[in-house]
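Numbering (UniProt numbering), first residue to last: 1 to 667.
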């Protein structure tokens with residue numbers, strides 16, 4: 001019978017290879033990451049967003065409200081060279097890949113749920129035998145990995161489990177038991193204030209039961225954050241397995257999408273399309289000021305609902321959660337004794353046992369494929385329709401009316417929608433990095449920064465994107481000029497979001513709030529300039545000289561980057577640098593767009609060039625917060641070199657384009 005003397009305080013951690021051994025750790029981590037890897041492969045290669053996730057087995061019932069985010073992401077990704085070859089292979093066309101992935105995930109999912117429960121029960125049993133706080137913490141992280149990966153498989157196996165209610169029931173029962181055991185185990189870690197408190201990793205974990213929690217410690221706040229993440233992950237997966245809840249969310253997204261398009265393009269019931277030149281007096285003022293805000297609000301709600309219900313969100317959540325769990329697991333393991341790194345029989349055996357599920361995976365992929373059935377052939381045609389039309393807009397428009405049920409292709413393929421998806425996804429990535437990957441502990445200060453950044457600041461940037469693209473779309477500008485304006489706008493908003501996110505952990509919350517407010521005022525100034533530009537563009541619409549109509553565009557193209565470049569410098573009165581760099585960025589981008597237009601470059605090649613230009617600006621911004629090259633800091637050197645490169649590049653490109661036009665005119 002084990003007994004624990006809480007009056008004694010061990011000074012050293014005793015090795016416990018059954019929990020913290022190197023082989024046990026690697027077996028847990030490798031199994032979890034295999035599941036995530038297969039989930040990502042399934043999404044990128046085999047997932048079909050057109051199919052109803054609650055359809056009956058062996059039926060290819062289409063979804064009434066397919067997810068537009070999954071649709072546009074998969075169409076882009078699956079046309080990459082490597083994945084495109086897989087799409088055309090017999091492995092995918094025969095439906096063998098999806099079936100193999102499905103069987104493998106079922107096997108690994110069951111392994112995860114039972115190993116998670118087993119290690120938690122073993123930990124509770126070992127408490128009275130002197131289990132240290134250090135080993136209890138590792139047990140929590142190991143169970144976390146098993147819990148996260150199994151939750152991810154619930155979404156993956158949604159169709160499989162919907163057709164097998166008994167298997168779904170016992171999995172949910174075991175998952176609920178795991179949730180209770182893990183929540184209690186995590187609650188005990190709220191006492192482990194090892195860095196600044198009197199507690200030590202070698203203390204007996206059992207002695208903390210019944211002790212009052214200090215709610216002002218970082219350990220308590222970290223524990224609370226972990227419990228909230230566990231509860232959120234469990235209940236949101238349960239809700240998404242509900243046919244009623246899932247369809248209601250998708251229907252709401254489609255409803256908000258219809259409201260947005262109705263405000264922009266009108267409808268057959270007599271609602272006029274948005275036109276700022278119509279109306280008089282107060283009515284025209286509402287059209288100019290109120291109508292764009294309503295369109296922006298409807299579109300913003302629609303995009304976030306689309307992201308929430310997408311399979312991409314499932315991949316995002318499990319990836320970031322697993323990164324956090326793996327990082328914290330190995331970080332805490334550094335506190336343990338060196339004996340736990342020895343490769344004994346007990347550490348080799350768990351890795352050898354991994355051969356069984358890996359062999360099952362290989363067997364599934366290497367098994368001979370059966371002849372395609374009618375349902376498989378139909379799914380192959382549906383998957384090919386996802387890929388169809390990507391090469392150009394005209395090809396997309398020529399697809400039949402049955403290509404996508406419930407999706408407005410003109411709306412989804414628009415740069416306004418796709419740019420908003422990019423900005424919204426960027427905000428979700430920042431949230432994941434902030435809460436999962438970052439080393440910040442606690443919840444009070446991080447939650448304040450996260451709430452302001454995600455719900456206020458980034459949402460305002462996304463609304464600003466919709467407003468500006470709405471006005472740019474009705475400008476009487478050439479295609480290169482419109483593309484340049486949208487690209488500079490999107491780049492500026494993305495850079496502003498990244499700057500605010502990177503700076504918030506190292507600044508006071510009040511100062512960060514002030515800087516973000518100043519950035520918003522800059523964007524409001526740029527939006528006002530854009531409205532003035534539209535009025536000037538309308539007055540010069542009938543001008544015979546196209547240069548006069550394009551000249552007002554220089555004002556917003558230089559005013560928009562002004563809002564995102566070095567707000568601290570602007571507060572100090574350094575106005576020259578932002579204006580010069582803003583003009584140079586706009587000039588370079590416009591010249592590149594003009595050159596690509598004249599050379600009639602393929603869309604794929606043009607996208608690569610735009611991505612390359614974007615990386616030249618965004619990458620130095622990210623690196624500037626982690627690298628210092630000169631005594632004055634990397635930011636100063638980046639400003640200097642970037643400014644001169646853009647100035648010289650802009651001048652050379654402008655001279656080259658002008659010379660080419662001059663030669664064509666007088667040749």
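Built from N, CA and C at the ideal position, the CB exists for glycine as well.
Keep in mind that this is a model prediction, so the values were computed, not measured.
What residue from 249, 241, 299 and 334 has the CA that sits closest to residue 263's CA?
Taking the chain shown and counting its residues from 1, the one referred to as residue 263 is at position 263. Considering only alpha carbons, the answer is 299.
Can the beta-carbon of residue 17 be found less than 7 Å from the beta-carbon of residue 351?
Locating residue 17 in the chain shown gives position 17, where the first residue counts as 1. Locating residue 351 in the chain shown gives position 351, where the first residue counts as 1. Contact flag unset, no.
Length of the line joining the Cα atoms of residue 122 and residue 236
As a first step, residue 122 is located in the chain shown; it is residue number 122 there, counting from the start. As a first step, residue 236 is located in the chain shown; it is residue number 236 there, counting from the start. Taking the straight line joining both Cα atoms gives about 28 Å.
Sequence-distant residues of the same chain with beta carbon closer than 6 Å to residue 113, five excluded per side
Numbered from 1 along the chain shown, position 113 holds the residue referred to as residue 113. Cβ within range, chain order: 150 and 174.
Beta-carbon contacts of residue 141 that lie in its chain and below 8 Å, excluding the five residues immediately before and after
Your numbering for residue 141 matches position 141 in the chain shown. 325, 328, 329 and 332.
According to DSSP, is residue 530 helix, strand or coil?
In the chain shown, the residue the question calls residue 530 occupies position 530. DSSP places residue 530 in helix when its eight states are reduced to three.
Measure from the alpha carbon of residue 593 to the alpha carbon of each residue in 480, 177 and 314, then state which is nearest.
The residue you call residue 593 lines up with position 593 of the chain shown. Checked all of 480, 177 and 314; the closest Cα to residue 593 is 480.
Start and end of the alpha helix (DSSP H) containing residue 415?
The count along the chain shown starts at 1 and reaches residue 415 at position 415. It spans 415 to 432 - the alpha helix (DSSP H) in which residue 415 sits, taken as one unbroken run.
Suppose you measure from the CA of residue 248 to the CA of residue 436; what does that come to, to the nearest Å?
Position 248 of the chain shown, counting from 1, holds the residue named residue 248. Position 436 of the chain shown, counting from 1, holds the residue named residue 436. So the two alpha carbons sit approximately 30 Å from each other.
For residue 575, count neighbouring C-beta atoms within 10 Å of its own C-beta (all shown protein chains included) and say buried if the count is 16 or more, exposed if not.
Position 575 of the chain shown, counted from the start, is the residue given in the question as residue 575. Note on residue 575: pLDDT 48, under 50, position unreliable in the model; no value is reported.
Starting from residue 133 and walking both ways along the alpha helix (DSSP H), at which residues does that stretch end?
Stepping through the chain shown from its first residue, residue 133 is reached at position 133. 133 to 156 is the span of the alpha helix (DSSP H), which, as asked, contains residue 133.
Can you give the Cα-Cα distance for residue 531 and residue 466, rounded to whole angstroms?
As a position in the chain shown, residue 531 is number 531, starting the count at 1. As a position in the chain shown, residue 466 is number 466, starting the count at 1. Roughly 14 Å between the two C-alpha positions.
Should residue 671 and residue 161 be called a contact, given that it needs their Cβ atoms to be closer than 7 Å?
Past the edges of the chain, shown from 1 to 667, lies residue 671, and the structure says nothing about it.
With 16 other CB atoms within 10 Å as the buried threshold, where does residue 34 fall?
Within the chain shown, numbered from 1, the residue matching residue 34 stands at position 34. Label assigned to residue 34: buried.
Nearest to residue 14 by CA position, among 430, 163 and 203, is which residue?
Residue 14 sits at position 14 when you count from the first residue of the chain shown. Selected option, being the one with the closest Cα: 203.
How would you label residue 5, buried or exposed, when you count the other beta carbons within 10 angstroms and need 16 or more for buried?
Taking the first residue of the chain shown as 1, we reach residue 5 at position 5. Counting Cβ neighbours within 10 Å, residue 5 comes out exposed, since fewer than 16 surround it.
Where do the N-terminal and C-terminal ends of the alpha helix (DSSP H) with residue 672 fall, by residue?
Residue 672 lies beyond the residue range present for the chain, which begins at 1 and ends at 667; the question has no answer from this structure.
Measuring straight from C-alpha to C-alpha, what distance separates residue 266 and residue 274?
Mapped onto the chain shown, residue 266 falls at position 266. Mapped onto the chain shown, residue 274 falls at position 274. Computed Cα separation, rounded: 7 Å.
Touching or not, the segment 451 to 462 and the segment 479 to 498, by the rule of three or more beta carbon pairs under 8 Å?
yes
Near residue 163, what residues of its chain come up, given a Cβ to Cβ distance below 6 Å and the 5 sequence neighbours on each side ignored?
As a first step, residue 163 must be located in the chain shown, where it is residue number 163. Correct list, in chain order: 57.
So, helix, strand or coil for residue 204, using DSSP?
As a working mapping, residue 204 is identified with position 204 in the chain shown. In the structure shown, residue 204 sits in a strand (DSSP, three-state: E or B).
Quick one: measure Cβ to Cβ for residue 188 and residue 166, integer angstroms, because I've assumed they're closer than 8 Å.
In the chain shown, residue 188 corresponds to position 188, counting from 1. In the chain shown, residue 166 corresponds to position 166, counting from 1. The Cβ separation is near 34 Å, so there is no contact.
Per DSSP, residue 51 is paired with what?
The residue given as residue 51 occupies position 51 in the chain shown. 62, per the DSSP bridge assignment.
Under the rule that 16 or more other beta-carbon atoms within 10 Å means buried, what is residue 632, buried or exposed?
Counted from its first residue, the chain shown places residue 632 at position 632. For residue 632, the predicted model reports a pLDDT of 40, less than 50, meaning its position is unreliable; a value from the coordinates is still stated below. When all chains shown are included, residue 632 counts as exposed.
Distance check for residue 191 and residue 216, CA to CA, integer angstroms please.
Numbered from its first residue, the chain shown carries residue 216 at position 216. Numbered from its first residue, the chain shown carries residue 191 at position 191. One C-alpha to the other measures close to 11 Å.
Provide the residue span of the alpha helix (DSSP H) that contains residue 465, from first to last.
As a position in the chain shown, residue 465 is number 465, starting the count at 1. Unbroken alpha helix (DSSP H) run through residue 465: 458 to 472.
So, at 6 Å on beta carbons, what are the nonlocal neighbours of residue 117 in its own chain, with the 5 sequence-adjacent residues on each side left out?
Numbered from its first residue, the chain shown carries residue 117 at position 117. The residues are 178.
I think residue 306 touches residue 233, with their Cβ atoms under 8 Å apart; what is that distance to the nearest whole Å?
The residue given as residue 306 occupies position 306 in the chain shown. The residue given as residue 233 occupies position 233 in the chain shown. Not really, about 20 Å apart at Cβ, beyond 8 Å.
If you draw a straight line from the C-alpha of residue 7 to the C-alpha of residue 200, how long is it?
Indexing the chain shown from 1 puts residue 7 at position 7. Indexing the chain shown from 1 puts residue 200 at position 200. Whole-angstrom Cα-Cα distance: 14 Å.
Could you check whether residue 309 and residue 250 sit closer than 7 Å to each other, using their CB atoms as the reference points?
Taking the first residue of the chain shown as position 1, residue 250 is located at position 250. Taking the first residue of the chain shown as position 1, residue 309 is located at position 309. Contact: yes.
Count the other C-beta atoms from every protein chain shown that fall within 10 angstroms of the C-beta of residue 170, then say buried if there are 16 or more, exposed otherwise.
Locating residue 170 in the chain shown gives position 170, counting from the first residue. So residue 170 ends up on the exposed side.
Going straight from the alpha carbon of residue 272 to that of residue 291, what length do you get?
Numbered from 1 along the chain shown, position 272 holds the residue referred to as residue 272. Numbered from 1 along the chain shown, position 291 holds the residue referred to as residue 291. The straight-line gap from Cα to Cα measures roughly 12 Å.
Looking only at C-alpha atoms, which of 104, 133 and 429 sits nearest to residue 320?
As a position in the chain shown, residue 320 is number 320, starting the count at 1. Checked all of 104, 133 and 429; the closest Cα to residue 320 is 429.
Between 2, 133 and 99, which lies nearest to residue 336 when the distance is taken from Cα to Cα?
Locating residue 336 in the chain shown gives position 336, where the first residue counts as 1. Nearest C-alpha to residue 336: 133.
Report yes if the C-beta distance between residue 145 and residue 28 is below 7 Å; otherwise report no.
As a first step, residue 145 is located in the chain shown; it is residue number 145 there, counting from the start. As a first step, residue 28 is located in the chain shown; it is residue number 28 there, counting from the start. Yes, Cβ-Cβ distance for residue 145 and residue 28 is below 7 Å.
May I ask you to report which of helix, strand or coil DSSP gives residue 13?
Here residue 13 refers to the residue found at position 13 of the chain shown. If DSSP states are grouped into helix, strand and coil, residue 13 belongs with coil.
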